[in-house]
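For the sequence shown, position 102 (counting from the first letter as 1) is numbered 325 according to the numbering used here, and the numbering increases by one without interruption.
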Amino acid sequence: MSKPEFVYVTYIASTLDKVWEALTTGEFTRQYWGGRTIQSEWKPGSAVKHVKEDGSFDWEGEVLKAEPPKLLAYTFGNVLGERPSRVTFELAQLGAHVKLTLTHDQFAENSKVLPAISNGWPAILSSMKSLLETGKALYPEWR
């Protein structure tokens with residue numbers, strides 16, 4: 224039996240550096256991720272926090288790999304009382320577009336996080352894509 228995972232692929236009219244910046248810079252994430260900022264030094268072993276506007280955070284994790292601007296992996300923890308799962312972004316420049324592949328895996332058995340992120344990641348990454356391509360993020364209904 225295969226382990227559960229969520230994989231999402233999208234193509235963005237942008238550059239590797241801009242997509243990397245959008246994934247790793249709080250100023251960017253605040254615009255497309257419901258007002259939240261992502262904070263980290265983006266070095267293996269460093270903390271990752273997803274901070275809400277009131278200063279509290281939705282989740283925290285640890286950077287597993289950071290190879291700018293092509294590979295980023297971190298744990299996704301303290302969500303719904305489950306052990307941390309893993310988020311991996313792989314980026315590839317294809318002409319004038321970037322192929323972004325998100326893999327979210329290593330879920331706890333009978334995970335409640337998996338169905339939640341299965342709705343969340345498409346909305347978040349669609350908003351990021353819109354911001355990079357048009358200058359306007361999509362309004363996050365879940366904000």
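The C-beta atom is built at its ideal place from N, Cα and C for all residues, glycine as well. Owing to the predicted nature of the structure, the values given are computational and were not obtained by experimental measurement.
Remark: C-beta atoms of V302 and A270 do not approach each other more closely than 9 angstroms. Rounded to whole angstroms, G284 and Y297 show a C-alpha spacing of 6 angstroms. Between the beta-carbon of F312 and that of L295 there is about 5 angstroms, and that keeps the pair under the 8 angstroms contact cut. Going by DSSP, Q316 is part of the beta strand (DSSP E) stretching over 308-317.
Cα atoms of T248 and T260: separation of roughly 8 angstroms, rounded to the nearest angstrom. The Cβ-Cβ distance between F229 and H320 does not fall below 9 angstroms. W282 carries a strand assignment under DSSP once its states are collapsed to helix, strand and coil. Linking T324 to D277 through their CA atoms gives a straight-line distance of about 31 angstroms. A distance below 6 angstroms between beta-carbons, with the five flanking residues on each side excluded, links Y234 to the following residues of its chain, in chain order: H320, K322. Where A270 is concerned, the enclosing beta strand (DSSP E) starts and stops at 270-274.
The C-alpha of F330 is placed about 7 angstroms away from the C-alpha of L337. The DSSP-derived three-state label of Y255 is helix. With fewer than 16 other Cβ atoms inside 10 Å of its own Cβ, P267 counts as exposed. Distance from A245 to E356 at the Cβ level is roughly 11 angstroms; contact not present, criterion being Cβ atoms closer than 8 angstroms.
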